[in-house]
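Just so we're aligned, residue 1 is where the sequence shown starts under full-length UniProt numbering, counting upward by one.
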Amino acid sequence: MPVEIVTVPCRADNYAYLVRDEASGQVALVDAPAVEPIERALAERGWGLDQIWITHHHGDHTEGVDSLRARFGAKVVGHSADRARLPALDVEISEGETVTLGDTVARVIDVSGHTIGHIAFVLDDVPAAFTADSLMALGCGRVFEGTMPMMWASLGKLMGLPPQTQIYSGHNYGAANGRFALTIEPKNRALQARIARIKEADEAGHPIVPVTLAEELETNPFLRATTPEVKAAVDMAGAPDAEVFAEVRRRKDRF
């Protein structure tokens, strides 16, 4: 399933993504944090915009939806359960359903926790996942509306994807997330190397995404709540994974 994915930095630290189905030339946008950088990215490539896939209702992911819909006639796709808080939806979806863009198929996963009704879009044939503020680069979203067990269950769905899955998340919080991760696993060499790569990317003005799920599993302290190393680091050896995750998340909230 040939697709082209373009990362579009927006606002201070947001990422939006353009997904182009090469067979049909159709283009989808994952989240719309701002109008101008997305319009510029489309114009540079001579692309139109056919669909807008919304992950969750926060303004830094939806601010540009209505303007982009008006300009391009794009169909807006979002979670039916969160329709009241999203821009007007042309297509309502829920977990287990799919969105079709030419020959490209995106599977919908409910990853509630950061918000209720947060979804991720998974391209199984690439493989790639657009996780927005659920699984983030070296981190995860703050649990604003859901519960810690809910967030852990959502991350578990993403952790079950193939390790080679490319993770496209919603923000560049990499440097700050790296500083926190070192408080949990200061001797993790894979983490140290990743922090160095994030620093290089930031200095060069390059996106820090995507990264593989395998790399997140090696370096992301929230996903590593399953490991003896992280459990020992937070003085919870032998504790259930979900409880360890909650403690790591609470520590990050205070960091």
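Where is the CB? At the ideal position from N, CA and C, for every residue including glycine.
What is the rounded straight-line gap between the Cα of residue i and the Cα of residue j?
{"i": "Arg71", "j": "Glu247", "result": "45 Å"}
{"i": "Leu29", "j": "Val19", "result": "6 Å"}
{"i": "Ala23", "j": "Val3", "result": "8 Å"}
{"i": "Glu216", "j": "Ala137", "result": "7 Å"}
{"i": "Val6", "j": "Gly238", "result": "42 Å"}
{"i": "Ala190", "j": "Thr219", "result": "6 Å"}
{"i": "Arg254", "j": "Lys231", "result": "18 Å"}
{"i": "Gly146", "j": "His118", "result": "10 Å"}
{"i": "Val126", "j": "Gly205", "result": "26 Å"}
{"i": "Arg11", "j": "Ile208", "result": "15 Å"}
{"i": "Gly46", "j": "Ala181", "result": "41 Å"}
{"i": "Glu203", "j": "Phe144", "result": "31 Å"}
{"i": "Ile73", "j": "Ile116", "result": "Note on identity: in this sequence residue 73 is Gly, with Ile being the wrong assignment. Their backbone Cα atoms lie some 28 Å apart in a straight line."}
{"i": "His79", "j": "Trp53", "result": "9 Å"}
{"i": "Thr100", "j": "Lys187", "result": "44 Å"}
{"i": "Pro33", "j": "Asp241", "result": "33 Å"}
{"i": "Ala84", "j": "Glu44", "result": "34 Å"}
{"i": "Lys75", "j": "Thr227", "result": "42 Å"}
{"i": "Thr212", "j": "Tyr17", "result": "16 Å"}
{"i": "Gly59", "j": "Gly25", "result": "29 Å"}
Buried or exposed: which applies to residue i, given that a residue is buried once 16 or more other Cβ atoms fall within 10 Å of its Cβ?
{"i": "Gln164", "result": "exposed"}
{"i": "Gly139", "result": "buried"}
{"i": "Ala233", "result": "buried"}
{"i": "Ala196", "result": "exposed"}
{"i": "Pro162", "result": "exposed"}
{"i": "Ala41", "result": "buried"}
{"i": "Thr55", "result": "buried"}
{"i": "Ala88", "result": "exposed"}
{"i": "Glu200", "result": "exposed"}
Quick one, are the C-beta atoms of residue i and residue j less than 8 Å apart?
{"i": "Gly141", "j": "His114", "result": "yes"}
{"i": "Gln51", "j": "Val35", "result": "no"}
{"i": "Leu68", "j": "Ile93", "result": "no"}
{"i": "Ala225", "j": "Phe245", "result": "yes"}
{"i": "Asp82", "j": "His57", "result": "yes"}
{"i": "Ala132", "j": "His61", "result": "yes"}
{"i": "Ala120", "j": "Ser134", "result": "yes"}
{"i": "Val65", "j": "Gly48", "result": "no"}
{"i": "Leu123", "j": "Thr104", "result": "yes"}
{"i": "Ile184", "j": "Pro221", "result": "yes"}
{"i": "Pro210", "j": "Ala128", "result": "yes"}
{"i": "Tyr15", "j": "Gly178", "result": "no"}
{"i": "Val111", "j": "Gly96", "result": "no"}
{"i": "Met151", "j": "Leu223", "result": "no"}
{"i": "Met148", "j": "Arg249", "result": "yes"}
{"i": "Gly102", "j": "Asp21", "result": "yes"}
{"i": "Glu229", "j": "Met236", "result": "no"}
Checking the sheet assignment: what are the DSSP bridge partners for residue i?
{"i": "Pro9", "result": "Tyr15"}
{"i": "Val35", "result": "Paired residue(s): none; Val35 is not in a bridge."}
{"i": "Thr98", "result": "Arg107"}
{"i": "Thr212", "result": "Gln166"}
{"i": "Met136", "result": "Gly139"}
{"i": "Arg20", "result": "Glu4 and Val27"}
{"i": "Ile198", "result": "Answer is none; Ile198 lacks a bridge partner."}
{"i": "Lys75", "result": "Gln51"}
{"i": "Phe130", "result": "Phe121 and Tyr168"}
{"i": "Glu92", "result": "Gly78"}
Indicate whether the contact test is met: 3 or more Cβ pairs, each with one atom in the segment 193 to 213 and one in the segment 164 to 183, closer than 8 Å.
Contact between the segment 193 to 213 and the segment 164 to 183 is present, with at least three C-beta pairs closer than 8 Å.
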